[in-house]
Structures are given as C-alpha cells and as structure tokens.
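Take a look at the structure set out below.
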Amino acid sequence: MSTSPSHPTVLITSATGTQGTALISALASLSLPISIRALVRDPSSPKPLALLGLSNAHTSIVLIKGNFSSPTSLASALAPDEDGEVVDAVFLNTNPTFGDPEEEVRHAMSVLEAAREKRVRHVVYTSVIGVADAEVWERIGEKPGWVNTEAMTLLRAADGPGIEAVRRRSQLLTEEGNKVEGGITRDLLRGYFGAKMSIEGLIKTWGGTGTGEEEKTWNILRPAWFMTNFLPPANANYWPDLTPSNPVLRSAILPDMRMMLVDPEDIRAVAARALLSPFAHAFAPSLVKQTINIGSQALTLTEIAQTLSKTTGIEVKSEFVNEAEAAKEIREGNVQRDAQAWFATLQDCFEPGELFQLIGREPKTFSEYLEGRKQELQSFLDSDGRKNRDE
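Written out as structure tokens, the structure is:
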C-alpha cells in the first residue's frame, strides 16, 4: 500500500547535520500532514532526541538507526512500516570523504539502490555550487565511481562556471615557480568536486525513465557558501585568521570577486519545496528534474568584512593573497587557500532573484543573518576582553 500523495512519507539522511536539521524544522512548520523518518547513527544521543521535539499535530517524526556504510540499515529505513506506508521521497545529503572521495560516491549509490528497490518516487540531492553543469552520466558511461583524473578531464571539457575555476587553479599551480608536485591539497578539491559530479550523474538517471505514477523524479540543490562559516566554531576551519586579537578575513579570492552567500534558512525553504514538489502542488509548484542554485546574497570579501564590523562594532579587516603567495601556501598544505583557489571564479555565477519567487519571500541578507547572531559573534570577537564599540 502506498502513502497518499497528500500525506507523503520522507526519509532525511544526515538528519542531525546543518541542512538535515533545518529541513526537518521547515517541514514540521508547515500545516501539511507529513511523516518524517530521520536517519541517525545513534537515536539515543541528544541531537536526534531533540528532533523528536519538532513533531506536532501535522508532522510525525521517527528516528531510524542507520548509516551510509550499512546497506542493510538503509533498506530497513526505506521499508514499508507496519501500516504498509512506503517512503515517497528521500533527501540525500552525503558527507565529503576527503581521504577517499569514491567512498562518498559509494554512499550515494547505496542509498539510491535501496530507494530503487523500495520503489521510492522522488530523490532530492544536495550538492554544492560550482559543479560543472554537464550531463555527466552520458560522458562517463558505466563508470559511476570515477573521481580525480577522470573528473578533471570532464571538468575541462564541460560547459558551465566550474570550468573557469579549474582552468584558473590549474594555471595557478603549474606556472613556473608555483608548481605543486603532490600532497593531499593537490587532489583535495579535485576529488571533492569529482565526487559531487559523479553523484549528480547518478541522481539524474537513478530511477530509469518510468511512466505515470511509477515515474522516478529528482532534484539537485547547489547551495553556495554558508553564512554560518563566519561564526564559531565553523570559522576556525574556514577563516583561521579571524581571531579576537587580529580579526582578519584573509583570502585568495580577488578583491572585486563576489562570494555568493546563503543562509541555511533559505536552503531549508527551497529543500522543503523540492522534496514535496511531486506531492503537494498547492504548496510547491513542480520543480522535478531541475537543478537549483541556492544563494541569498553576493558580496565581495571587503563588503563581508564591513558587514561584520558594522554588526559587531569591532573592526574586521580583509586581506588578499596574490597568486604566488596562494601557490606557496597550497604547497605547504594550506587547505583553505586551496579551496579559495577553486572558488575564486565560482561565486559570481548567478543571481538569487528567482529564489524570491520559489520561497515566497526575499532571501535573507548577510546583515540580516548576522543581526540574529550578533551576540554570539560579538562574544567571539570580544573574547580577549577588549571593549567593543557597540552602544
């Protein structure tokens, strides 16, 4: 027995992550009858248990123990429940596995194989902005697990914004005096984007063609740079120079290059509509088989620093690393600089204007987002005891 389209059942993978938690909260806030299965590693730990508190008269939430490395647990998570209700849609959010990019692809394949076996109708995959927009599957044939060298070959041949970043980074790291002869950072972003591209190709063909009610549909979401990456604890990984004693955003992104930023609230709003698109037409117009870039506001690094300064009353500076310095730091293992070399030409590739029509409101600006986290950010920047200038 299939779940009624007016009362869909959805499985959320990586349910306790930033996107998974936000999506469950968004679905629970709707006045729509929805059954949510949250895939978690340990249902007894605090984060999963907190998800249960989001259930209400419209929304039921069940914790399902499982993980990407266990096909048996995935099959169990997607199996019909005791009332015969099946899972209609899956939100797929795989975690990067930098030491072995093919592992992320294998994780996605395990979910898709289980979804195909259990007759799931719709899959929404959250990828990343900057993946070359090409029909990957047609180019890779029967080799869905490729990464690294073949990924680079595809990127170089593809059309779309990703190719410019690849060319720029390739030139940066191979010019005389800047050559990189190995090391993890050389392959880190190549493998990262290669895995995302491979999974996008799998998503586009995961269910075959299908007809009528049996048709398999999909959405691919490509969120931009999270605004949360400027706040603790994430900023320690992305902006290690942003410290209370010397608050600086130091980057290889060019001074006039805009970074596309996104508020997780906007991601969850789009993800909820994409996930329910085949089932709740009054709530979400048909978005099936669409790839959706998600961004809230594009700013230069200088504008980002100025916004941080204005919000907190503490001066935050921006500094720019030239190509020679960036190449040297990448050779020395600076992962942040390696990522910035990739993203240097990606963040200016679209405008978020269409997002307003999709989510029914204006996307949140960086300033608006920071206002909601002002106290937290001030506390971090003022943690050395300095007096801020905010009245």
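Heads up, the sequence shown is in full-length UniProt numbering, so the first residue is 1 and it goes up one at a time.
Think of the CB as a built atom: it goes at the ideal place given N, C-alpha and C, for glycine as much as any other residue.
With respect to the 7 Å criterion, residue 218 and residue 259 are not classified as neighbours on the basis of their beta carbons.
The C-beta distance from residue 299 to residue 366 rounds to 6 Å, short enough to fall under 8 Å. Separation of residue 268 and residue 29 (C-alpha to C-alpha, rounded to the nearest whole angstrom) is 11 Å. DSSP places residue 101 inside the alpha helix (DSSP H), whose first and last residues are 101-117. Nearest C-alpha to residue 264 among 256, 227, 286, 279: 227.
Taking a 10 Å sphere around the C-beta of residue 354, we find fewer than 16 other C-beta atoms and assign the residue as exposed. Residue 319 sits in a strand when the DSSP states are folded into three classes. The straight-line gap separating the alpha-carbon atoms of residue 314 and residue 255 is approximately 21 Å. Membership of residue 35 in the beta strand (DSSP E) is indicated by the continuous run 34-40. Bridge partners of residue 249 according to DSSP: 318.
Taking 7 Å as the cut-off, the Cβ atoms of residue 90 and residue 196 do not count as close. Around the Cβ of residue 94, a 10 Å sphere holds 16 or more other Cβ atoms; the residue is buried. In this structure, residue 38 sits near residue 15, with a CB-CB distance shorter than 7 Å.
7 Å or more divides the Cβ of residue 363 from the Cβ of residue 286. With respect to the 7 Å criterion, residue 13 and residue 87 are not classified as neighbours on the basis of their beta carbons.
Going by beta carbons, residue 203 and residue 291 fall outside the 7 Å limit. Per DSSP, the continuous alpha helix (DSSP H) segment holding residue 308 begins and ends at 301-312.
Around the beta carbon of residue 122, 16 or more other beta carbons lie within 10 angstroms, which makes this residue buried. Shown here for residue 318: same chain residues with a beta carbon closer than 6 Å to its own, the five before and five after excluded, namely 249, 301, 302, 305 in chain order. According to the DSSP assignment, residue 379 belongs to the alpha helix (DSSP H) that extends over 374-381.
According to the DSSP secondary-structure assignment, residue 219 is paired through a beta bridge with 124, 290. Nearest C-alpha to residue 379 among 243, 81, 78: 243. Residue state for residue 197 is assigned as helix, using DSSP reduced to three classes.
By the Cβ-count criterion, residue 31 is exposed, with fewer than 16 other Cβ atoms from all chains shown falling within 10 Å of its own Cβ. Taking residue 238 as the centre and dropping the five residues before and after it, the same chain places the C-beta of 229, 336 closer than 7 Å to its C-beta, in chain order. In the three-state reduction of the DSSP assignment, residue 60 falls in the strand class, which pools E and B. Taking 7 Å as the cut-off, the Cβ atoms of residue 194 and residue 101 count as close. DSSP, reduced to helix, strand and coil, places residue 230 within a helical segment of the structure shown.
As the crow flies, the alpha-carbon of residue 45 is around 19 Å from that of residue 11. When the Cα atoms are used, residue 316 and residue 240 turn out to be separated by approximately 13 Å. Beta-bridge annotation (DSSP): residue 335 is not paired with any residue. When beta bridges are read from the DSSP output, residue 260 appears opposite 298. According to the DSSP assignment, residue 16 belongs to no alpha helix (DSSP H), since it is labelled neither H nor E.
About 34 Å separates the beta carbon of residue 357 from that of residue 252, a gap too long to meet the 8 Å contact definition. Just so you know, the alpha carbons of residue 62 and residue 41 end up roughly 13 Å apart. Excluding the 5 residues flanking it on each side, residue 369 has same chain C-beta neighbours closer than 7 Å at 227, 263, in chain order.
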